[in-house]
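What follows is a single structure, written as structure tokens, with notes after it.
Numbering (our numbering), first residue to last: -12 to 100.
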């Protein structure tokens, strides 16, 4: 988790202003990274509602390692925090909405194809 925090802190500008993450088309890479981190925080809060504390702790470690490894080819690029945050958010959201929606109630945007 420390590595993810480092990625996020490096991606944030020193003098941040209010971001409109609903209008991402006009954001630079730094803004996109920050919005993706905020999305990740929301997904982490959601998944914490359905996992037992011990499972949640293990999930945080494993999902972080998986996403860091999957996107390691971009580690030195500005897009790396964005891709890692998106990866973790998508996994969290998929699991949360699978749990909440069940077999018939899954939102299409969270289904895997």
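Glycine is no exception: its CB is placed at the ideal position from the N, C-alpha and C atoms.
Which residue comes first and which comes last in the alpha helix (DSSP H) that contains residue i?
{"i": "residue 66", "result": "Careful: residue 66 lies outside any alpha helix (DSSP H) and carries neither H nor E."}
{"i": "residue 31", "result": "16 to 35"}
{"i": "residue 38", "result": "Where residue 38 is concerned, there is no enclosing alpha helix (DSSP H), given that its DSSP letter is neither H nor E."}
Is residue i helix, strand or coil when you go by DSSP?
{"i": "residue 89", "result": "coil"}
{"i": "residue 9", "result": "coil"}
{"i": "residue 46", "result": "helix"}
Could you give the distance in angstroms between the alpha-carbon of residue i and the alpha-carbon of residue j?
{"i": "residue 14", "j": "residue 88", "result": "33 Å"}
{"i": "residue 10", "j": "residue 46", "result": "31 Å"}
{"i": "residue 59", "j": "residue 21", "result": "19 Å"}
{"i": "residue 18", "j": "residue 56", "result": "23 Å"}
{"i": "residue 61", "j": "residue 35", "result": "28 Å"}
What do you reckon, are the CB atoms on residue i and residue j nearer than 8 Å?
{"i": "residue 80", "j": "residue 30", "result": "yes"}
{"i": "residue 27", "j": "residue 86", "result": "no"}
{"i": "residue 33", "j": "residue 83", "result": "yes"}
To the nearest whole angstrom, what separates the beta carbons of residue i and residue j, a pair I think is in contact under 8 Å?
{"i": "residue 25", "j": "residue 51", "result": "Actually they are not in contact, since the Cβ atoms of residue 25 and residue 51 sit about 17 Å apart, beyond 8 Å."}
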